[in-house]
Every structure is written in structure tokens, then in C-alpha cells.
Amino acid sequence: MEIAVLALGCFWGPEIKFSKINGIIKTEVGYCGGNSASTTYKEVCTGNTNHAEVVKLDFDEKIISYEKILRTFFQIHDPTTLNSQGPDFGTQYRSEIFYLNNNQKKIAEKVLRDINERLSGKVVTKISLLKNYCPAEEYHQKYLEKR
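Residue numbering for the sequence shown follows this note's numbering, beginning at 38 and increasing consecutively.
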């Protein structure tokens, strides 16, 4: 099993979309890339922690590749808008790929180059080493499934 950690706006929608894809074993929403190892939704919303809302995906690489997950990532959000998705604005809604190893980094860079060539707008998605991930509060987990 492998792990992917992706920031693409409010984490509720992406979590439910990814959970329906064959090969995704488990989803979890959380915060990543900030200044501290733990945080809360309230703190993240201030914009002071530098965390992004993320979806963490446990996936079976025999069924779905990391590259396919990244291509889906680019299909389900707008990677050309800086720090916003839809009606949500703030650094926590940025587009960012958090890699866990050099292989993931190389794949992310390759896919990003390809997407940049295909889209008319400039892609603002960042690629960063996984740093300070923590799960979001329980009420955020599977939020749209509970509604």
C-alpha cells in the first residue's frame, strides 16, 4: 500500500470523489505543510499556521498508480487559481502535492509539466515534501457522507 497527500481546496468534496475510485483503500482529511505538527480547523482558518486542507489517500499501487491519482487530482480542481477553489479563499485552500519520497516527487514533476503544457492558464500547484501532517477533527471525516 502507498500513500498520497493532496491539497485541492476544501477537503470534503475531494475526499468523497477519491473514495469512489477503485484502488483507493482509505481516505482521511487533514492538515499539512504548516508550521507545527498539530493544529485545529479554527487555527488553520486564521491563515497563520500555513497548513493546507488535504486529503490523505491509502491506495493499492497494483490497482491504481500514483500518476493516475495525480491526473485525477488535476481533473477535479482548478490548479490555476491561487489560494482558492470555488467560493473558498485562503492559503488553506491552495493546490499542492505533498510527496513522501523521490519517486513521488519525480512523478509529480512529470505530471505537472504535462498539465502545464495542456492548460491555457498558468498552473500554480506546488510540489512539496510532506511536512507536519495531522488528521482533521472527526466531524470533518467523511463529512459529505454523513449529510
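Each residue gets a CB set at the ideal place from its N, CA and C atoms; glycine is no exception.
Here Ile-113 is near Pro-51, since their CB atoms are less than 8 Å apart. For Lys-163, the uninterrupted beta strand (DSSP E) segment begins and ends at 163 to 166.
Distances from the CA of Glu-39 to each of Phe-96, Leu-149, Pro-172, His-88 were compared; the closest alpha carbon is that of Phe-96. Listed as beta-bridge partners of Lys-63 by DSSP are Asp-95. Rounded to whole angstroms, the separation of the alpha carbons of Ala-44 and Val-148 is 16 Å. Rounded to whole angstroms, Lys-179 and Lys-54 show a C-alpha spacing of 11 Å. The segment 102 to 109 makes no contact with the segment 117 to 127: fewer than 3 CB pairs, one atom from each, lie closer than 8 Å. The beta-carbon distance between Ser-132 and Thr-162, rounded to whole angstroms, is 4 Å. This is short enough to meet the 8 Å contact definition. The C-alpha of Thr-86 is placed about 16 Å away from the C-alpha of Ser-165. The three-state reading of DSSP puts Val-42 in strand, counting E and B together. Where Ile-113 is concerned, there is no enclosing beta strand (DSSP E), because DSSP gives it neither an H nor an E.
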